[in-house]
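Below is one structure, written out as structure tokens, with a few remarks after it.
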Amino acid sequence: MAYTAPSSFTTRPTLTGTFGMSASTHWLATATAQAVLERGGNAFDASVAAAFVLHVVEPHLNGPGGDLVAIIQPVDAEAPTVLMGQGPAPAGATIEHYRGEGLDLTPGAGGLAAAVPGAVDAWLLLLRDHGTWELTDVLAYAIGYARDGHPIVAGAAATIARVAELFRDDWTSSADLWMPEGDLPVAGQVVRNPAYADVLDSLVHASCTVRDDGPVGRAARIDAARREWKTGIVAHEASAFLSQPHRHSGGGMHAAVITAEDFAGFDAGYEPAVTSEFRGRTIAKAGAWTQGPALLQTLGLLEPLADDLLDPSQEAGAHTVLEAQKLAYADRDAWFGDDDVDLDTLLSADYLDERRSLITSDASAEFRPGALPGRTPFRPPLRTTYDAPAVGTGEPTVAKTGATRGDTCHLDVIDRWGNIVSATPSGGWLQSSPTVPALGFCLGTRLQMTWLEPGHPSSLVPGKRPRTTLTPTLVLRDGTPEFAIGSPGGDQQDQWQLLALLRIIVGGYAPQQAIDAPALHTTSMPESFWPRTWTPAGAVVENRLGEALIEGLERRGHRVTRAGDWALGRVSAVGRDAGTGVLWGAANPRGMQGYAAGR
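Quick note on numbering: our numbering labels position 363 of the sequence shown as 859, and the sequence is numbered without any gaps.
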């Protein structure tokens, strides 16, 4: 059967131009990035300025206490590079300590779940090495929105409403920031965060102590700000405040273990990307300390199949995509982590051929990781329920306990010179842990992605990074970047990107057509977020896929949840047509926050 043709209707056009394109999950960040490009900055200057704005305007989706994974390619580089902004577990974060606290899972909310914050240092590193602007100019946008205010988005207001009881009763410093008069904010209300503006000012002031006006001085100024972040008020206030026992997900009172020394010991860095080929493109991802290689596995499983089996809008295609992803994510959960992961085997043709043979016409309800020579796959606890307060649905998904699933931002920028960035910042959500009063933000909860079972790649180990869900993508054609793409969504990030990639590369869709097209994903994997349950054979679908397709999935044994017409996916993308040099941008309409801009 032929691949399903794209709809003639799109929610907005695929933007085209020749100067520069920006896309993100919030219009103010997109506008900030574009403003930097208009003033002569490059894609790296624009990305960093937009990222700090995202800390302010999407506080329920990311924060300065969180983390970051990005893939970049400067115009003069021969290959893409991963910007690593994922901090490790603190020195005191041991399985023995957490078990001694009566825990069988790393909490989903509270200071015990905090990895060392990595996002700010990573953004500053990127600015130092690849940007052109001074720090004071880059941070001016975020400082302005934090000090002077911005209209709060509906998602942030709804998140605060969901955790209002927790804030009032336990996390009173969070109530002071987000409910200062005791009232819930409403969408569109102007909110301010002067404490965070002061933190950003402190970074600028630290940078101004270096007087050299040349490029050496610029780098030294940014490094001075990095030192201030890691050794100054942020490190000391956050560690001291969270050392006091406070409420965690599950209801227990615990003190965090993170210290000022943990802050000082972390440096963001660069790593080579992991790549594989798919239908004439090179797909670049971060390493197996993220879930990124699972997308490469999925594409490898699908590549030799007929086009209709790669079409999410046909029953057989939707089924095949779901089944391939189950196999890839079983390998993610069995093998991935900040460890020696045998990606050569996991991405090899012979291994993928063997795995592909497991796909049948019926939905699998099993957890089926593959076998690697001389190794035993980790089999995580496979719980369908957990004795904890009920967690909400949708995005953001957050319980009254503060436990959250899948809240993230994404931004993409390409400039007129050809520099390109795909970045997924996350963590440090306003509902992650109590707000540190002197800072105006809280620390993240990435350690909830570690297991308290020892001896496995994703076990909790001091100094090791949790296996993160953050997974931006860069697509190359003939060695040249073609487009940057990414999405929020926790375990769904690569699942939603996969649909867009298949529709663009195989189906010939325009980017906005691919992003708008109806989506689906599997929940037949242990979730990366507390309480880490799974739904065997679970599939979540948008109703626009059609009743015939949905009923066909049910007949095949999928446990289908209908999510609504426009509910799944947060993909944005920017790119360049190699033949014409025309730049393009596209962004997700769902949730009414994401926008692309460019000219």
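By construction, the Cβ of each residue, glycine as well, lies at the ideal position given by its N, Cα and C atoms.
**Asked** What whole-angstrom Cβ distance do residue 539 and residue 907 have, given they're in contact under 8 Å?
**Response** 10 Å between Cβ atoms; not a contact.
Subject >> Three-way DSSP call (helix, strand, coil) for residue 1001 in this model >> reply: helix
Practice item. Thinking residue 500 and residue 807 are a contact (beta carbons under 8 Å), I'd like their distance in whole angstroms, please. Key: 5 Å
Where does residue 774 sit, in a helix, a strand or coil, going by DSSP?
strand
Notebook entry, point to check: By Cβ distance below 6 Å, which residues in the same chain neighbour residue 621 in space, the five residues on each side in sequence not counted?
Noted result: 764
Whole-angstrom distance between residue 1051 and residue 670, CA atom to CA atom = Each residue's alpha carbon lies about 47 Å from the other.
### Bridge partner(s) assigned by DSSP for residue 781
770
Can you tell me which residues form a DSSP beta bridge with residue 1097? Outside the shown range of the chain (497 to 1095) lies residue 1097, about which nothing can therefore be said.
Check whether the segment 561-577 touches the segment 649-665, taking contact to mean three or more Cβ pairs, one atom from each stretch, closer than 8 Å.
no
Would DSSP call residue 978 helix, strand or coil?
strand
Of all the alpha helix (DSSP H) runs that stay within the bounds of the segment 579-603, which reach a length of 4 or more residues?
-> 591-596
8 Å contact criterion, which residue 706 and residue 935 should meet: CB distance rounded
The C-beta distance from residue 706 to residue 935 rounds to 24 Å, too long to meet the 8 Å contact threshold.
**Request:** Starting from residue 566, follow the beta strand (DSSP E) in both directions and report where the run begins and ends.
**Result:** 563-569
Exercise. Pick out whichever of 1014, 982, 882 has its Cα sitting closest to the Cα of residue 521.
Key: 982
What's the C-alpha gap between residue 838 and residue 757?
32 Å
Within 10 Å of its beta-carbon, does residue 505 have 16 or more other beta-carbons around it, so buried, or fewer, so exposed? exposed
Would you please state the rounded distance, in angstroms, between the beta carbons of residue 1138 and residue 918? I believe it to be under 8 Å. Because the chain spans 497 through 1095 in this model, residue 1138 falls outside it and cannot be assessed.
* From which residue to which residue does the beta strand (DSSP E) around residue 1069 run? -> First-last of the beta strand (DSSP E) with residue 1069: 1068-1072.
**Asked** For residue 507, which three-state DSSP category applies?
**Response** coil
- Task: Could you check which residue in 1024, 1020, 997 has the C-alpha nearest to that of residue 1011?
- Result: 997
Practice task
Would you mind stating whether residue 1063 and residue 1008 have Cβ atoms separated by less than 8 Å?
Solution key: No, they are not a contact pair.
- request: Please state if the CB of residue 549 and the CB of residue 638 are separated by a distance shorter than 8 Å.
  value: yes
Notebook entry, point to check: Can you list, in chain order, the stretches of the alpha helix (DSSP H) that have 4 or more residues and sit fully within the segment 925-964?
Noted result: none
Judging by CA-CA distance, which residue of 513, 557, 523 is the nearest neighbour of residue 937? 557
Check your understanding: CB-CB under 7 Å to residue 813, same chain, minus the five flanking residues each way: which ones, in chain order?
Key -> 804, 805, 806, 807
### Query
Hey, residue 1089 and residue 730: beta-carbon distance below 8 Å or not?
no
Between which two residues does the beta strand (DSSP E) carrying residue 1080 extend?
1079-1083
| Whose C-alpha, out of 570, 597, 673, 952, is nearest the C-alpha of residue 1098? | Given a span of 497 to 1095 for the chain in the structure shown, any question on residue 1098 remains unanswerable.
ask   = In the DSSP assignment, what residue or residues form a beta bridge with residue 907?
value = 520, 919
* Asked: Can you tell me where the alpha helix (DSSP H) with residue 500 in it begins and where it stops?
  -> Looking at the DSSP string, residue 500 is not in any alpha helix (DSSP H), and its letter there is neither H nor E.
request  = From the DSSP output, in three-state form, read off residue 722 for me.
outcome  = helix
What do you reckon, are the CB atoms on residue 972 and residue 780 nearer than 8 Å? yes
Original post:
Looking at the structure shown, is residue 700 part of a helix, part of a strand, or coil, going by DSSP?
Top reply: helix
| message | Tell me the residue span of the alpha helix (DSSP H) that contains residue 815. | response | Unbroken alpha helix (DSSP H) run through residue 815: 811-831.
| query | Quick one: what's got a C-beta closer than 8 Å to residue 889's C-beta in the same chain, skipping five residues either side? | reply | Model confidence at residue 889 stands at a pLDDT of 29, short of 50, so the residue's coordinates are unreliable and nothing is read from them.
Checklist entry - Are the beta-carbon atoms of residue 826 and residue 863 separated by less than 8 Å? => result yes
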